Structure formats: C-alpha cells, structure tokens
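Have a look at the structure below, then the notes.
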Amino acid sequence: MIGKRHGIMFLCVLIATMSCGFAFQQAWTSDTGQPQKITGDGQNILVTTSSAIKEIDPTGAQVWSQDITVSGNGSAVKAGKYVFVGTANDARALNKADGSTKWTKTDVLGAAQPVKYVFVKGTCVIFSNSEKAIVLDRETGNNLTAVQDAPTTSEPSVFGGYYLAGTASGVTAYKGFMLPDLRVKSITKASDKTTAKIENIGLSDASKVLVKFVVRKTDGTYRTIHLNAGTIGAGQSKDIVINGAFSRGYTIVDPYYAITELNEGNNQRYFS
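Numbering (the UniProt record's numbering), first residue to last: 1 to 272.
Pasting the structure below:
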C-alpha cells in the first residue's frame, strides 16, 4: 500500500508539473555567425560577431547587418535611437533603425588604444579600455572630457554618475557622468499637509526644478499642483510641502523632462 500511495503522489506531482505551462524548447535559430555577445532591448535583438553587428527580430529574422569589426569583448550598447560600439581604436554610433553610421570618432582613446567597454547615461557615452576612458556627447560624438587615465584590473562598471574601476586592493570611483539625477526619495502624509523629499543623487546641480503633485481630496475629487523647487545641488535634498488633507496621490519631479538627467526612471512616487 505504501508503494502504491507513493506512486499516486508521484503521478499527481508529474501531472501538476506538466500542466504549469512551461516548456524549455528550441523555438528558432538565426544564422548570424558565431556571436561574441547577444543583447535585447524588449523590441529586437542585437548580435555582435568578430566581423559584424546584426539586429534580428523576435522571430530570428534579420533586420539589418553591418560589416564592422567589433573590438574587445564585443561590447555594443543600445540606447534610444542609437547603437554605440567600439571598433578597433574607434568609437562609432549607429542608427538603431537601419544600422547606418551616425558618427565616428577615430582613435578615441589615443593611438593603439582599442576600445573594450561602452557605457551610456543620459546624453553621455563612455568609451574605455583597461587603461583609458573618455566621455562623449551621444548625439554628436564631441568630447565632453579629455582622455583620462582610468586603469582597471577588472571589467569596469557604472553606478549613478560614477565610473568604477578595479585595482589590486579594491575599487576606484571616477566622476564620469556630470549630470543631475533627481528622485522623489520619500513622501510623508500628515492630516493637514503632504511633504515630498526631492533629492539630487547626481554629480551636478539641477536648476529650475519643477515638482508636480496629483492628489485625491477627502471629498473624492482630484487636484493637480505644480511647485517650483528652485535649485537642488548635487548630493542635496529639499522638502516640498503642499497644505491640505489628501487621501492619496503621487508626486513627480521634473514631470515634463526639462532637465537632462542620468536616470528618468526614478522621478515618481505614489502615496496613500
């Protein structure tokens, strides 16, 4: 009886597992050549090989292909309308729609300094390798900084506005992206007022900061309030207060994207 009971339990578990709807199966293949790196952006898939950059759609069909020798680890980064890539010693921006070249920066890190890494934040793009780094304007390719010594023993990373490099003893942070980054850090609701703490966690000041409140009053109607927060310095915060009794709502800082920021995804917070 024990064996029979165990057999019935196993069968029930097997049926439950099979009915959950998951199936790890091959869906399609795409003849792109051997990839160095594969990335997706929720729309299409970017494939870098040793001799080309290709974009394919979610069915594996080719959207476009460019014969470009990708340097380093095959780093190519999609951001907005562009694909940014290091090609030997050069930096290049491609139009994401068709792969055509937007701009090229020759010997971007200096002669015999191949590009290995690419990072994008806001209107800036960093091209770097194990020794050097530079920040360019993403639209034009113009220099925003000179070439900087930024040696790293590991693959670098970015956090906030900082470029992070590995050393023999730890991590060194460089100020790379000199842009503000506004966020609604917290919202405190009292019986007669609501306070939103607006914080600038970026590396430069933000001026003419606008804060928008959309609130539900106790009678069930909604109200929209705009307040000017003035200038919020890098690393600083400011309390913005609206008076009145409100049951719920949300706050947005820089609601109309008037300020170029590192991150536009942290500008809103709800409260109730």
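Cβ coordinates follow ideal geometry from the N, Cα and C atoms, glycine included.
Quick caveat, the model's predicted, so the values are computed rather than measured.
On the premise that residue j lies in contact with residue i, defined as a C-beta separation below 8 Å, what is that separation, rounded to the nearest angstrom?
i, j, result
"residue 91", "residue 127", "5 Å"
"residue 184", "residue 251", "5 Å"
"residue 229", "residue 198", "6 Å"
"residue 350", "residue 101", "Residue 350 lies beyond the range of the chain shown here (1 to 272); nothing can be said about it."
"residue 136", "residue 105", "6 Å"
"residue 157", "residue 178", "Rounded, the Cβ-Cβ distance is 18 Å, inconsistent with contact."
"residue 273", "residue 200", "The displayed coordinates of the chain run from 1 to 272. Any statement about residue 273 would go beyond what the structure contains."
"residue 115", "residue 71", "5 Å"
Compute the Euclidean distance between the alpha carbons of residue i and residue j, then round it to the nearest angstrom.
i, j, result
"residue 193", "residue 180", "28 Å"
"residue 89", "residue 59", "34 Å"
"residue 247", "residue 217", "6 Å"
"residue 66", "residue 53", "5 Å"
"residue 155", "residue 130", "8 Å"
"residue 123", "residue 144", "10 Å"
"residue 163", "residue 55", "28 Å"
"residue 68", "residue 196", "49 Å"
"residue 50", "residue 226", "52 Å"
"residue 62", "residue 80", "20 Å"
"residue 160", "residue 271", "25 Å"
"residue 150", "residue 138", "20 Å"
"residue 113", "residue 182", "35 Å"
"residue 224", "residue 211", "11 Å"
"residue 206", "residue 235", "10 Å"
"residue 85", "residue 262", "20 Å"
"residue 28", "residue 34", "16 Å"
"residue 315", "residue 222", "Because the chain spans 1 through 272 in this model, residue 315 falls outside it and cannot be assessed."
"residue 215", "residue 239", "17 Å"
"residue 40", "residue 186", "33 Å"
"residue 253", "residue 244", "20 Å"
"residue 38", "residue 45", "7 Å"
"residue 64", "residue 87", "18 Å"
"residue 36", "residue 30", "15 Å"
"residue 111", "residue 237", "43 Å"
By the three-class DSSP mapping on this structure, what secondary structure does residue i have?
i, result
"residue 81", "coil"
"residue 131", "coil"
"residue 24", "coil"
"residue 60", "coil"
"residue 138", "coil"
"residue 255", "coil"
"residue 157", "strand"
"residue 192", "coil"
"residue 177", "coil"
"residue 228", "strand"
"residue 236", "coil"
"residue 121", "strand"
"residue 55", "strand"
"residue 108", "coil"
"residue 66", "strand"
"residue 171", "strand"
"residue 199", "strand"
"residue 145", "coil"
"residue 214", "strand"
"residue 115", "coil"
"residue 36", "strand"
"residue 262", "coil"
Around the C-beta of residue i, are 16 or more other C-beta atoms found within 10 angstroms, so that it is buried, or is it exposed?
i, result
"residue 43", "exposed"
"residue 208", "exposed"
"residue 241", "exposed"
"residue 153", "exposed"
"residue 256", "exposed"
"residue 117", "buried"
"residue 213", "buried"
"residue 47", "buried"
"residue 174", "buried"
"residue 121", "buried"
"residue 57", "exposed"
"residue 82", "buried"
"residue 25", "exposed"
"residue 169", "exposed"
"residue 202", "buried"
"residue 76", "buried"
"residue 258", "exposed"
So that I know if they touch, is there some Cβ in chain C lying closer than 7 Å to that of residue i?
i, result
"residue 235", "Absent here is chain C; the protein component of the structure consists of one chain."
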